[in-house]
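Colleague: Quick one: the structure is below, questions incoming.
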Amino acid sequence: MARLELSSVGKAFGSVRCADNLSLAVESGEIVAVFGPSGSGKTVLLRMIAGMFEPDEGDILVGGQSIVGAPPERRGIGMAFQNFALFPHMSARDNIASGLRAKGAGGDIAAKVASISSLLKIGHVLDHRPRELSNGQKQRTALARALIGNPEVLLLDDPLRNVDAKLRYEMRLELPSLLRRGSASVLYVTQDYREAMAIADRIAVLIEGRLVQVARPEEIYAKPASVAVARLFGDPSINLAEVTPVAEHGALFADIAGTRVRLDTGDREPIDLGACWVGVRPDDLVISHAPGDDAIPARVVAVTPMHEKAVLLLRFSDGAEWLAALPSTTTVADADDNVFVRFAAEASLLFDRATGVRIGLPHRRQAA
Amino acid sequence: MEHSSLAGRIFRGVALTLVLVFFMFPIVWIFLMSFQSNEQILRIPPSILFEPTLSNYQALISGQLRTTAGNIDIPFMRNLMNSFVLSSAAVLLALLLGVPAAYAFARFKFKLGETIAFTLLSFRFAPPLLVLLPLSLYYQQLGLSDTYFGIVWVYQLIALPLILWIVRGYFEDISPDIEHAYRLAGHSWREAFTRIAVPLAGPGIAAAGLLSFIFCWNNFVFALILASADKQPVTVGALAFVTASGIQYGQIAAAIVLSVTPTLLLALYAQRYLVEGLSLGAVKG
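If you read the sequences in order, they're chains A and B.
The first sequence maps to residues 256 to 623 in the numbering used here.
The second sequence maps to residues 962 to 1246 in the numbering used here.
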């Protein structure tokens, strides 16, 4: 099996740069999620690998061999499309078998189709045309078609986008083992950070055609490379405040809505910083009725129950609004209550206000 | 609708009958005329009661037109055959050229693409007579006048734009991802075109083919100028019924019945595709 490698890949459509110096390696048997907001160039990236467009710059290698310029049918790539892209005039069976037939696989086609369709639980609908299938069955048929030839590289373009929430949840559990079956290098495009975190070994965050961060899911959540990444991961999204941190008595402090709070410095020397964003995830906020020097007074504007969580909209004295997510079993506050907000210094993330880059990243330290 | 009153239903019935009579009357009248002699047709007042005769059809099939001034040879059956050959060949050629071209226009953006597509369409709004004079001169120079190939070629002015624009709309409706998926499964672009794009655009191609067949069949002026009697289709051949001793209404009616029948049957058989193809072409084109 082969590793997929992108090296400084660039692509522009007119003045829009959809891919800017993208370098990424996916090992055989690894699942890398490409995650980013819509329009960030995820689909263009997949399509360059699949051979629907050629990159303007850079190279794409599979098993060390460049595939740039090769026609799609010779690239050894399996792909599942967001809109399924099933062949409407063929039965599900013929859809799945089309790749094997093209390669002239011979007599074992029927056996292979039977085995993959039982794995994906679509054995009973193989004789149906795509329009007679439910969305879930269509999606499974499309997956079976992509998986059946044991391709070296597997590309999935937001395959769970068009299926209902229940099925999406089920598939999120099933997919990792399905995708690892053939030890292909898998690129999985999604717009849902939860899906990316559930399925992938690593996540590549793509924003405006650039790879902003490539790391393991928990690392991206804990140490996002920039404000933009921090905002994309987490629901409700991260709270931000504009601060100018100062170093005092060996610690770093910042002023949030008139309250001095201590910030995280990790194992580094605290120094005075310029204009920054401080970010705290809603889950890390602690709400209480007890005042204190380190607690930010706030007024609860609204309480929104969200199944396992309750989300509180808080307004500080300076008008800033933050969200706190609390387990819904603990009802600490109601709307219009005056409360105090605390967070542990370790929960705070600092970003440079001009560049958005997280302060404290080893190779960006001088940016502070 | 099912709760409509008796009066409403009667009114609808009457209205439908009126419309039907309005549209069908000419065809029915010509059908009746084709079984009457010239004298029966021209009597005043006209009557739908007459003794049917097959002499008109006999005359057409045997090629002998009996007039008061004597017998004239008319190559009607040959004209009918010519119509078949010319229209079929023209549509076939236009499909061979137009379907791949429509695919190219639908799938690829290329320099002057829209200009070329529009130029091809503009052939449909140039008055044929304007084109014909220079064309007939060229044809004489090239040795193409009075050849089947020459007429089939000039019929491309009718058939090609029609096929191109209708089929293009159909191709644009097919998600390109379906073809991408087929290619990733290991097929060449040619296979993706013949096994995915063409079958999926099938109804559109059928509709465009039928429509251009009808338009070619009905064309009069191209063959009138560019071909002589033995290559002319029925539309031109019908001129022979205007004779020195008068107009042979009975034979004309029989000729019309014979020449309309093939296209009428074709249109009835394929009406579903025709309506679908026309409206889709109109919306997407």
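Glycine included, each C-beta is placed from N, C-alpha and C at the ideal position.
Report all residues from its chain with a CB closer than 8 Å to the CB of S321 of chain A; omit the five preceding and five following residues, and keep chain order.
Modeller: On the first sequence, position 66 is the one that residue 321 of chain A refers to. Excluding sequence neighbours, S321 of chain A sits near D314 and I315.
Colleague: Do A352 of chain A and V368 of chain A have their CB atoms nearer than 8 Å?
Modeller: Working through the first sequence from its first residue, we reach residue 352 of chain A at position 97. Working through the first sequence from its first residue, we reach residue 368 of chain A at position 113. Going by C-beta atoms, A352 of chain A is nearer than 8 Å to V368 of chain A.
Colleague: Just how far apart, CA to CA, sit F1086 of chain B and F1079 of chain B?
Modeller: Residue 1086 of chain B sits at position 125 when you count from the first residue of the second sequence. Residue 1079 of chain B sits at position 118 when you count from the first residue of the second sequence. If you take the alpha carbons of F1086 of chain B and F1079 of chain B, they lie about 11 Å apart.
Colleague: Given E1140 of chain B, which residues of its chain have a CB within under 7 Å of its CB, disregarding the five upstream and five downstream residues?
Modeller: The count along the second sequence starts at 1 and reaches residue 1140 of chain B at position 179. Within the same chain, E1140 of chain B has close Cβ partners A1153, I1157 and A1158.
Colleague: For a test of your reading of the model: does the CB of D510 of chain A fall under 7 Å from any non-hydrogen atom of the ligand MG? Yes or no.
Modeller: With respect to small molecules bound, the structure shown includes none, and the ligand MG cannot be examined in it.
Colleague: Using C-beta distances below 6 Å, list every residue in its chain close to H535 of chain A, excluding the 5 sequence neighbours before and after it, in chain order.
Modeller: Along the first sequence, read from residue 1 onward, the residue named residue 535 of chain A stands at position 280. Residue identity differs from the one stated: residue 535 of chain A is Val in this sequence, not His. These residues qualify, in order along the chain: N494, F598, A602 and S603.
Colleague: Examine chain A for any beta-carbon lying closer than 8 Å to the beta-carbon of R1068 of chain B, and answer yes or no.
Modeller: For this step, residue 1068 of chain B is matched to residue 107 along the second sequence. False, the Cβ-Cβ gap to chain A never drops below 8 Å.
Colleague: I'd like to know if the segment 1168-1187 of chain B and the segment 998-1010 of chain B are in contact, where contact means that at least 3 CB-CB pairs between them fall below 8 Å.
Modeller: no
Colleague: Would the segment 270-290 of chain A and the segment 430-443 of chain A be scored as touching if the rule is three or more Cβ pairs under 8 Å?
Modeller: yes
Colleague: Applying the criterion that 16 or more other CB atoms from any shown protein chain within 10 Å of the CB defines a buried residue, is E1012 of chain B buried or exposed?
Modeller: Here residue 1012 of chain B refers to the residue found at position 51 when the second sequence is read from its first residue. Result: exposed.
Colleague: Comparing the C-beta of K358 of chain A with each C-beta of chain B, is any distance below 8 Å?
Modeller: Indexing the first sequence from 1 puts residue 358 of chain A at position 103. True, the Cβ-Cβ gap to chain B drops below 8 Å.
Colleague: So what's A565 of chain A in DSSP terms, helix, strand or just coil?
Modeller: Counted from its first residue, the first sequence places residue 565 of chain A at position 310. It is a strand residue.
Colleague: Using a cut-off of 8 Å between C-beta atoms, extract the partners of Y1230 of chain B located in chain A.
Modeller: Position 269 of the second sequence, counted from the first residue, corresponds to residue 1230 of chain B. Those within 8 Å of Y1230 of chain B in chain A number zero; the least Cβ separation is about 22 Å.
Colleague: G265 of chain A to R395 of chain A, Cα distance in whole Å?
Modeller: As a position in the first sequence, residue 265 of chain A is number 10, starting the count at 1. As a position in the first sequence, residue 395 of chain A is number 140, starting the count at 1. If you take the alpha carbons of G265 of chain A and R395 of chain A, they lie about 33 Å apart.
Colleague: Alpha carbon to alpha carbon, how far is L1105 of chain B from L1047 of chain B? Give it in angstroms, no decimals.
Modeller: Here residue 1047 of chain B refers to the residue found at position 86 when the second sequence is read from its first residue. Here residue 1105 of chain B refers to the residue found at position 144 when the second sequence is read from its first residue. Their Cα atoms are separated by approximately 14 Å.
Colleague: Helix, strand or coil: how does DSSP classify S603 of chain A here?
Modeller: In the first sequence, the residue the question calls residue 603 of chain A occupies position 348. S603 of chain A falls in the strand class under three-state DSSP.
Colleague: DSSP three-state call for D363 of chain A: helix, strand or coil?
Modeller: Sequence index remark: in the first sequence, residue 363 of chain A carries index 108 (1-based). D363 of chain A sits in a helix when the DSSP states are folded into three classes.
Colleague: In terms of alpha-carbon separation, which member of B:Q1102, B:A1190, B:R1233 and B:W1178 lies closest to G1163 of chain B?
Modeller: Residue numbering aside, residue 1163 of chain B sits at position 202 when the second sequence is read from its first letter. It is B:R1233.
Colleague: Run through DSSP, which three-state label would L1021 of chain B get?
Modeller: As a position in the second sequence, residue 1021 of chain B is number 60, starting the count at 1. Residue state, collapsed to three classes: helix.
Colleague: Taking the runs of the alpha helix (DSSP H) that are 4 residues or longer, which of them lie wholly in the segment 449-508 of chain A?
Modeller: 472-477 and 482-487
Colleague: Compile a chain-ordered list of the residues in the segment 1139-1155 of chain B whose CB is closer than 7 Å to at least one CB of chain A.
Modeller: I1139, H1141, A1142, Y1143, R1144, L1145, A1146, G1147, H1148 and S1149
Colleague: Taking 6 Å as the limit between beta carbons, can you name the residues of its chain near Y476 of chain A, skipping five residues before and five after?
Modeller: Within the first sequence, the letter at position 221 stands for residue 476 of chain A. Cβ neighbours of Y476 of chain A beyond the five flanking positions: F488.
Colleague: Under three-state DSSP, which class holds P582 of chain A?
Modeller: Locating residue 582 of chain A in the first sequence gives position 327, counting from the first residue. Strand, per DSSP.
Colleague: Buried or exposed: L428 of chain A, going by 16 or more other Cβ atoms within 10 Å of its Cβ?
Modeller: Within the first sequence, numbered from 1, the residue matching residue 428 of chain A stands at position 173. That one is exposed.
Colleague: Relative to the C-alpha of Q577 of chain A, which candidate in A:M452, A:G547, A:D607 and A:V533 has its C-alpha closest?
Modeller: Here residue 577 of chain A refers to the residue found at position 322 when the first sequence is read from its first residue. The question names Gln, but residue 577 of chain A is Trp in the sequence shown. For W577 of chain A, the nearest C-alpha among the options comes from A:V533.
Colleague: Out of curiosity, what's the CA-to-CA distance linking S389 of chain A and A399 of chain A?
Modeller: Along the first sequence, read from residue 1 onward, the residue named residue 389 of chain A stands at position 134. Along the first sequence, read from residue 1 onward, the residue named residue 399 of chain A stands at position 144. The alpha-carbon of S389 of chain A is positioned some 15 Å away from that of A399 of chain A.
Colleague: Should N338 of chain A be flagged as near chain B, meaning a C-beta pair shorter than 8 Å?
Modeller: In the first sequence, counting from the first residue as 1, residue 338 of chain A sits at position 83. It does: the Cβ of N338 of chain A has a partner Cβ on chain B nearer than 8 Å.
Colleague: Using the DSSP secondary-structure output, state which residues sit across from Y443 of chain A in a beta bridge.
Modeller: Mapped onto the first sequence, residue 443 of chain A falls at position 188. For Y443 of chain A, which the question treats as bridged, DSSP gives the partners A:A288 and A:L411.
Colleague: Out of A:D413, A:V271 and A:R384, which has the shortest C-alpha to C-alpha gap to L301 of chain A?
Modeller: In the first sequence, residue 301 of chain A corresponds to position 46, counting from 1. The option with the nearest alpha carbon to L301 of chain A is A:D413.
Colleague: Taking 8 Å as the CB-CB limit, is P552 of chain A close to chain B?
Modeller: Counted from its first residue, the first sequence places residue 552 of chain A at position 297. Not closer than 8 Å to any Cβ of chain B, the Cβ of P552 of chain A fails to qualify, so no.
Colleague: Tell whether a beta-carbon distance below 8 Å holds between A553 of chain A and R570 of chain A.
Modeller: Counting from one through the first sequence, the residue named residue 553 of chain A turns up at place 298. Counting from one through the first sequence, the residue named residue 570 of chain A turns up at place 315. Yes. Within cutoff.
Colleague: At a Cβ threshold of 8 Å, is I1157 of chain B touching chain A?
Modeller: Within the second sequence, numbered from 1, the residue matching residue 1157 of chain B stands at position 196. Yes - at least one Cβ of chain A is within 8 Å of the one on I1157 of chain B.
Colleague: Mind checking if S1136 of chain B is an interface residue toward chain A, Cβ cutoff 8 Å exclusive?
Modeller: The residue you call residue 1136 of chain B lines up with position 175 of the second sequence. Cβ-Cβ to chain A under 8 Å: yes for S1136 of chain B.
Colleague: Evaluate contact between the segment 1058-1075 of chain B and the segment 1120-1140 of chain B, counting only Cβ atoms and requiring at least three cross-stretch pairs below 8 Å.
Modeller: yes
Colleague: According to DSSP, which residues form a beta bridge with A1055 of chain B?
Modeller: On the second sequence, position 94 is the one that residue 1055 of chain B refers to. The partner list for A1055 of chain B (beta bridge, DSSP) is empty, contrary to what the question assumes.
Colleague: Give the C-beta separation of P385 of chain A and G331 of chain A to the nearest angstrom, bearing in mind that I take them to be a contact with Cβ-Cβ under 8 Å.
Modeller: Looking up residue 385 of chain A in the first sequence gives position 130. Looking up residue 331 of chain A in the first sequence gives position 76. So it is not a contact: roughly 25 Å between Cβ atoms.
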